[in-house]
Every structure is written in structure tokens, then in C-alpha cells.
Amino acid sequence: MKAGRYGVYGGQYVPETLMSALIELEETYGRVSLDPEFSRRLGWYLHEYAGRETPLTYCENLSRDLGCRVYLKREDLLHGGAHKLNNTLGQALMAKFMGKRRLIAETGAGQHGVATAIAGAALGLPVEVYMGEVDTRRQALNVFRMELLGARVIPVASGTRTLKDAINAAMRDWVANSRDTHYLLGSCVGPHPFPWIVRDFQSVIGEEARRQVLEREGRLPDTVVACVGGGSNAIGIFYPFVNDDVALVGVEAGGEGLDTAHHGASLSGGSVGVFQGALSYLLQDGDGQALETHSIAAGLDHPSVGPEHAMLKDSGRVRYEAVTDAEALHAFRYLSRTEGIIPALESAHAVAYALRAAGDLGEDGILVINLSGRGDKDVAEVANLPGGAA
Amino acid sequence: MSRIDGLFARKNPVFIGFTVAGDPGIETSPGVAKTMIDAGVDLLEIAIPYSDPVADGPVIERAHARALRAGTTPDDVFALVRQVREYAPDLPVVLFTYYNIIYRRGLDRFFAETAAAGADGVLIVDLPVEESGEVAPSALRHGIDRIALIAPTTSPERQHAILREASGFVYLISLEGVTGERDRLPLHVAGLVGAVREKTDLPIAVGFGVSRPEHVGAVAAAGANGVIVGSALVRIVEEHLGDEAGMHEALRTAIKAMRCGIVPDPGPDIPRRERVEG
Numbered sequence: 001m002k003a004g005r006y007g008v009y010g011g012q013y014v015p016e017t018l019m020s021a022l023i024e025l026e027e028t029y030g031r032v033s034l035d036p037e038f039s040r041r042l043g044w045y046l047h048e049y050a051g052r053e054t055p056l057t058y059c060e061n062l063s064r065d066l067g068c069r070v071y072l073k074r075e076d077l078l079h080g081g082a083h084k085l086n087n088t089l090g091q092a093l094m095a096k097f098m099g100k101r102r103l104i105a106e107t108g109a110g111q112h113g114v115a116t117a118i119a120g121a122a123l124g125l126p127v128e129v130y131m132g133e134v135d136t137r138r139q140a141l142n143v144f145r146m147e148l149l150g151a152r153v154i155p156v157a158s159g160t161r162t163l164k165d166a167i168n169a170a171m172r173d174w175v176a177n178s179r180d181t182h183y184l185l186g187s188c189v190g191p192h193p194f195p196w197i198v199r200d201f202q203s204v205i206g207e208e209a210r211r212q213v214l215e216r217e218g219r220l221p222d223t224v225v226a227c228v229g230g231g232s233n234a235i236g237i238f239y240p241f242v243n244d245d246v247a248l249v250g251v252e253a254g255g256e257g258l259d260t261a262h263h264g265a266s267l268s269g270g271s272v273g274v275f276q277g278a279l280s281y282l283l284q285d286g287d288g289q290a291l292e293t294h295s296i297a298a299g300l301d302h303p304s305v306g307p308e309h310a311m312l313k314d315s316g317r318v319r320y321e322a323v324t325d326a327e328a329l330h331a332f333r334y335l336s337r338t339e340g341i342i343p344a345l346e347s348a349h350a351v352a353y354a355l356r357a358a359g360d361l362g363e364d365g366i367l368v369i370n371l372s373g374r375g376d377k378d379v380a381e382v383a384n385l386p387g388g389a390a
Numbered sequence: 391m392s393r394i395d396g397l398f399a400r401k402n403p404v405f406i407g408f409t410v411a412g413d414p415g416i417e418t419s420p421g422v423a424k425t426m427i428d429a430g431v432d433l434l435e436i437a438i439p440y441s442d443p444v445a446d447g448p449v450i451e452r453a454h455a456r457a458l459r460a461g462t463t464p465d466d467v468f469a470l471v472r473q474v475r476e477y478a479p480d481l482p483v484v485l486f487t488y489y490n491i492i493y494r495r496g497l498d499r500f501f502a503e504t505a506a507a508g509a510d511g512v513l514i515v516d517l518p519v520e521e522s523g524e525v526a527p528s529a530l531r532h533g534i535d536r537i538a539l540i541a542p543t544t545s546p547e548r549q550h551a552i553l554r555e556a557s558g559f560v561y562l563i564s565l566e567g568v569t570g571e572r573d574r575l576p577l578h579v580a581g582l583v584g585a586v587r588e589k590t591d592l593p594i595a596v597g598f599g600v601s602r603p604e605h606v607g608a609v610a611a612a613g614a615n616g617v618i619v620g621s622a623l624v625r626i627v628e629e630h631l632g633d634e635a636g637m638h639e640a641l642r643t644a645i646k647a648m649r650c651g652i653v654p655d656p657g658p659d660i661p662r663r664e665r666v667e668g
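Those protein sequences? They're chains A and B, same order as listed.
Each residue of the first sequence is one higher than the one before, starting from 1 at the first, in the working numbering.
Each residue of the second sequence is one higher than the one before, starting from 391 at the first, in the working numbering.
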């Protein structure tokens, strides 16, 4: 397989002006990933600052309801409230090693923006975050958090005014400023080497979960479930299990249903195309224009997905399913009541799939759900929906 | 000799104008192209509108969005190229596109349609030489030049690799950034042109940020064989939405002023058929 490719997927479909920055990034990452001093410092930040390792919680009530043994990997307990900090601490530290003086990032739900702002504050790097105007409104709390953490939030008013346009804006900034700026991309998408770097930094989730479940159960789980937007929490928990006899299920945003035009399920409902630097699955029209997407979860509201997921879909190693907004919302309320854990609407998609499919496992079956983030950021939006907390 | 080769052989430097097909509308876009040709554009770059033009600044991005809102498809772009070809049989036309448009259509079909419509070259903004393996033979098979991009950040080794595959002319990006007008051009343009000149016999055209007559003059003085103006012309279209006569007049005035930046006078115009109103 060619460097930067996952099967046929991936690659570097970017303007010429960015190529030197991508080449520099690939070289630097190759170097720091082998540097014991880098590993030591990142290990310190993850453990002492961010709160790793995160628990793998056995959920008694959920297990009783679902009729199998259910564990949640608690990325919601990571500092910042989501798995995003694993990647932002890694990349921000790498930017320091590269001598960059400024971080830029895109954000959808705001979680990656917050995690970048946290990492920037901790490591003394100024942060500017591009965020679609629509998202700044539906995630106003996270805008405030980013500003509180010293970051500058730049609303993006072009295109669909959501995550994809925030990525476009950040790439434009990087094209102009790559000499002193690191673009801290938040998911396993975009041109090589980003999908590789982000997967490496997120793999800590799966490495811990694999060790924890072995300690607890003496065997590997039957199934691991994670939600997939760009796919970083999913690739992080899947990757250490890829060569095991463990079923892996990625859950996409089914929105109002895959038979409508209102969803974000690029693997289940899209086709192959080049988008934002990589060949992958894409929600596009017949001419190759990216389509508007929809999900109740801003972090899954994106027309494409990381190229490694595209390969894992084609090979059949990972099964990709979609759950609707309504199912995710039900799971959001259900987990809150049943276990006292409010999941992010994104993570609620993984829970919703578990509610649908756990019956197949049997009472000795072991199911691990990646709870990629906590739902405090979504509480205000859900409160305004019909039904509220009900 | 191809139209592109012919143009650069008889004129130096040449003035290259850029428009987004379907901007401001599908019906009005051919008129914009014709006015640009009449005002003295030597080579026309026509962009295929795309939903996510990451290499473009806000002015051209908005033009892409206008064209898409108007419903412009690649079929409409090819229709525009055919109209331009009929209007100005010898004027070189280069399609400016993002790669997914080509990928989605299929490489061979895209280049066959490009050739059939009468375009001479294709510039793929987001396809660096590392990814262009399958595209090169397809373009060659249909006699389409692949215009290569070189940026100020392109290393000498990559310049060599890019130039090995290039034909038609080299598009030299003058600055680190997206397309768009700038108050001043970087001082190093002459150095950039000189460095590329050592590695190729192809003509070198300079774009990105070239938006004023004095910029055009500076690029010409830097030894470039072509000067590319994009955002400054697209902005005129944007500023005259709903005032077609004013738009055409402003385009004519701007292009003539910018062409005056090129001294000495570049000589006889390209022969073309009698003017068709459009």
C-alpha cells in the first residue's frame, strides 16, 4: 500500500501551496513519534493533565436491559468532556516540537475547538478556531468556552455554514500561513498525513479499552460500537482491535432517514469521491458537488468520512450502520435515566445502535460502547425539542 | 501547433483572464466571456463551479456559489466553451477545476468532452503531481494540455517532477495563500520566475493576487510570459449584479487598464470572427 493510502482511499488532493506543509508535517510526525522525549511529555499531559486512563465502566442497569454485558469506554470523563483532547494535546505538542507559533482549528459541535483551546492554553500557543455560523448558534455554550480559554472563534458564513465550510476556511488560512502555523485538524479526515496522525493519537482509547476488558473479563469483547462522523473516536477504539476476532460497528448519522436527503451517513448512503484532500466516501450529487447534510448531532453533520473507514467498509472488517435522529434522541434520554450518564448526541448514536442490536449477543456476550463525549453541550438544544427531558 | 503554443510564440507577455462559468448566471456568463475577449484577454481561464473551492479566496468562492445557485453543471460549462470557441476560434481556453468534478465524471469522459468542446488545457487545482498518475495519460490521449501549478513553497525537487509532466504553460503562484486581490505583490516574483525558467522551456504565467495595472506591469517586468487576473475581474461581476451594461463597461475598462500595464504593446490581436452579441 502506498504511503498515505488506505487501500485505494486517502491521498493528498490539495493545492500545490500546501504540499510543502504536508511533507514537513509527515517528516516531523515520523520523527517525533519515535522520540522518547515526545512520548514522555505527551504521556505526562495525557495522564496528569487530561485524566487518562479513562474508566471502562460496567453498566449494570444497561446490561440488565440489553441482556448482555455492556461496558462504556468513558471518554466523556476526559478533560474537556470528549475524546478530542487526545488528539489536540498530541498535535499541539508536535507543533511545539516543529517550532510553530500559532494553532488553527475547525470545529463542528465545538468539542474539537474547545479541546484545541485547552491544548493551546496548556502549551502556550495562541489558538484561532473556525466555526460555521450555523454551529456557533446551535453550540453557543462551546463558543463561550473557547473564548474563556483564550481562543478566538471566527464564524464562517460561506457555503452551508457548518463543519465542512469551517474546514475549508481553516485550510485557506493554512495555505497562507503554513510557515508559522499548525493546522490542528480534529478528525481522521483530510489529506495524508492527518488521518494517520489523528488515528495514532486516538488509538489510546482502544489500547486502554482492550487492556481493561481483558483484565476484567479475561477475554476480548464480542462487539465494539462507536459513532462515526469524520470517524476519529471510532478509528481510535477500533484500530487496536482490527486484528482480533471482535465485531466492529461504526454508527453513522441517519438523520431523518437514509431514504431522505437529510442525513450524514456518507458510508451507508454516499459514493466514492475526492473531498477536502482525500479520496473517500462522500455525500455528493451526480456532478461531484458535496451535498448538504443533516444530523441532530453537529459533530456528525458532515458529508465525508476518514479514508481508513472507507477501506474498512470495503474490506468488510467494520460494519457501518445508521441510526436516526429520533433513535439517537431516545438513547440520549435513556442513558441519562438508566445510568446517570448524559451522553453527547454524537455518542448517543452508538448507544442507540446498541439498544437496537444487543439482543443478538446473548447474556454472556460482551459489548463495548465508546462513549466519546458527554452531553452537557447538548442539553439546551434537547430542552427546546418537543418532549424536552421526557 | 496548439493554440496555447501559438499564442505564446507570437505574443509576450500575454494577458490571461479568469471567469467562473455560470457567474452571474447561465444565460449571462457567455456575455461576460465575450466582453473579456473583446477587451483584450489573450487566453481565457474558465472555472467549473464547485461546492468547496478551498484554493480560492472569498471573491471567487462567492462566484462559485452564485454559479451553483444558478444551477450551472459541467454540461453548461462545456456549452460555454463551445460558444467561446465559435466566437474566437484561435483563442486558447483553459478549464480551471477541482478534481472531484473530473473524478465523478470519469477521467476519459471528462477529457473527451473537454476536447470536443474545444478547450485546450485543464488546470486541476487540487491535484498535486503525487496524485496525477492516472490523469496524465488520459489528458494526453485527448490532446489536452495539463497546466501545472508551482507555488513559492514548492521545493526544487518537486519543481522538476512537476515540470516533467507539464505542458502548455506553467502557472506560477505568486504568493502563499488563496486567490484574491492584494494591495501589493510579493517582491520575490522575479526570483520565482527566474528559478522556474532555469528548469523549463515552457512559458511561465503568474497569478494569485495580481489585481492592478501596476501589478500586471510588475509581473511582466519580472520576466513572466503571461499575467493572470482573476479575483479583480470576478469582483467586477459581483459589484454589478443586476446591471449588465455597467458590468460589461467596467470589465472592458479594467481589462484595458491592466493591459496597459504590459509594455510594450503586445502587437496584433488574435484574429476572430465578427462580433456576436451575447
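Cβ atoms here follow ideal geometry from the backbone N, Cα and C, with glycine treated the same way.
On a predicted model such as this, the values are computed, not experimentally measured, just so you know.
What residues of chain B sit near residue i, judged by a beta carbon separation below 7 Å?
i      : result
T17/A  : A541, T543, I563 and E566
D435/A : With chain A running from 1 to 390 in the structure shown, residue 435/A is simply not present.
Y13/A  : Y489, D516, L517 and E521
K164/A : D442
V351/A : Near V351/A there are no residues of chain B at all, since even the closest Cβ is about 32 Å away, more than 7 Å.
Does any residue of chain D have a CB that is nearer than 9 Å to the CB of residue i?
i      : result
S158/A : The question asks about chain D, but that chain is absent: this structure's protein chains are A and B.
Using 8 Å for Cβ pairs, my map puts residue i next to residue j. What's the rounded Cβ distance?
i      : j      : result
A151/A : E106/A : Actually they do not touch by this definition, with Cβ atoms about 12 Å apart.
I197/A : N233/A : Contact doesn't hold; Cβ gap of about 15 Å is too wide.
H330/A : S295/A : 15 Å between Cβ atoms; not a contact.
T544/B : M98/A  : That belief does not hold up - the Cβ atoms of T544/B and M98/A are roughly 20 Å apart, past 8 Å.
I537/B : Y477/B : That belief does not hold up - the Cβ atoms of I537/B and Y477/B are roughly 22 Å apart, past 8 Å.
Please compile the residues from chain B whose C-beta is within a distance smaller than 9 Å of the C-beta of residue i.
i      : result
K100/A : Residues of chain B passing the Cβ test: none, with the nearest at roughly 15 Å.
G270/A : Under the 9 Å cutoff, chain B gives no residues; its nearest Cβ is about 12 Å from G270/A.
Strictly below 8 Å CB to CB, what residues from chain A border residue i?
i      : result
I416/B : Those do not exist, as I416/B stays about 14 Å from chain A at its closest Cβ, beyond 8 Å.
R631/B : It is Leu, not Arg, that sits at residue 631/B in the sequence shown. Under the 8 Å cutoff, chain A gives no residues; its nearest Cβ is about 17 Å from L631/B.
For residue i, which option in the options has the closest C-alpha, if you only look at C-alpha atoms?
i      : options                           : result
H471/A : V175/A, R172/A and E346/A         : No statement about residue 471/A is possible, as the shown extent of chain A runs from 1 to 390 and does not include it.
S158/A : R472/B, G447/B, I436/B and T409/B : G447/B
D200/A : G299/A, L300/A, G236/A and F38/A  : G236/A
L22/A  : L149/A, P191/A and V225/A         : P191/A
Q202/A : D222/A, G231/A and N177/A         : G231/A
R374/A : A352/A, G388/A and F332/A         : F332/A
E435/B : V410/B, N615/B, G632/B and I563/B : V410/B
H47/A  : N61/A, L25/A and G90/A            : G90/A
F468/B : R459/B, T487/B and R456/B         : T487/B
G511/B : P546/B, A556/B and P479/B         : A556/B
R531/B : P518/B, E566/B, A506/B and E547/B : A506/B
T643/B : Y477/B, V484/B, R548/B and I626/B : I626/B
G620/B : G496/B, T463/B, V606/B and P593/B : V606/B
E588/B : V568/B, E547/B and R602/B         : E547/B
V586/B : P603/B, A614/B and S392/B         : A614/B
Measure from the C-beta of residue i to each C-beta in chain A and report whether the shortest distance is under 9 Å.
i      : result
S441/B : yes
P482/B : no
T463/B : yes
G421/B : no
P527/B : no
R548/B : yes
R665/B : Note on R665/B: pLDDT 39, under 50, position unreliable in the model; no value is reported.
L458/B : yes
I552/B : yes
R393/B : no
P593/B : no
I660/B : Legend: pLDDT at I660/B = 44, less than 50; position of this residue unreliable, no value from coordinates given.
P448/B : yes
A455/B : yes
A445/B : yes
Cβ-heavy atom distance between residue i and the ligand FMN below 8 Å?
i      : result
P464/B : Only the bare structure without any ligand can be found here, which leaves the ligand FMN out of the picture.
Which chain B residues sit within Cβ distance under 8 Å of residue i?
i    : result
V8/A : Ordered by position in chain B, no residue passes the 8 Å Cβ test against V8/A, which lies about 11 Å from the chain.
For residue i, go through chain A and note every residue whose CB falls closer than 9 Å to its CB, in chain order.
i      : result
L582/B : Within 9 Å Cβ-Cβ: nothing; L582/B doesn't reach chain A, min ~13 Å.
A399/B : Those do not exist, as A399/B stays about 26 Å from chain A at its closest Cβ, beyond 9 Å.
Within 9 Å (strictly less), CB to CB, does residue i reach chain B?
i      : result
G277/A : yes
Q284/A : yes
N87/A  : no
Residues of chain A with CB closer than 7 Å to the CB of residue i, please, in chain order.
i      : result
E451/B : S158
Relative to chain B, which residues along the stretch 121–152 of chain A have a C-beta separation below 8 Å, given in chain order? Going along the stretch 121–152 of chain A in chain order, one finds no residue with a Cβ nearer than 8 Å to chain B.
May I ask you to list, following chain order, the residues of the stretch 468–493 of chain B that have a beta carbon less than 7 Å from some beta carbon of chain A? Residues of the stretch 468–493 of chain B with a C-beta atom less than 7 Å from some C-beta of chain A are Y489, N490, I491 and Y493, listed in chain order.
Output, in sequence order along the chain, the residues in the stretch 497–520 of chain B whose CB is closer than 7 Å to any CB in chain A. When CB distances to chain A are screened at a threshold of 7 Å, the residues of the stretch 497–520 of chain B falling below it are V515, D516, L517, P518 and E520, in chain order.
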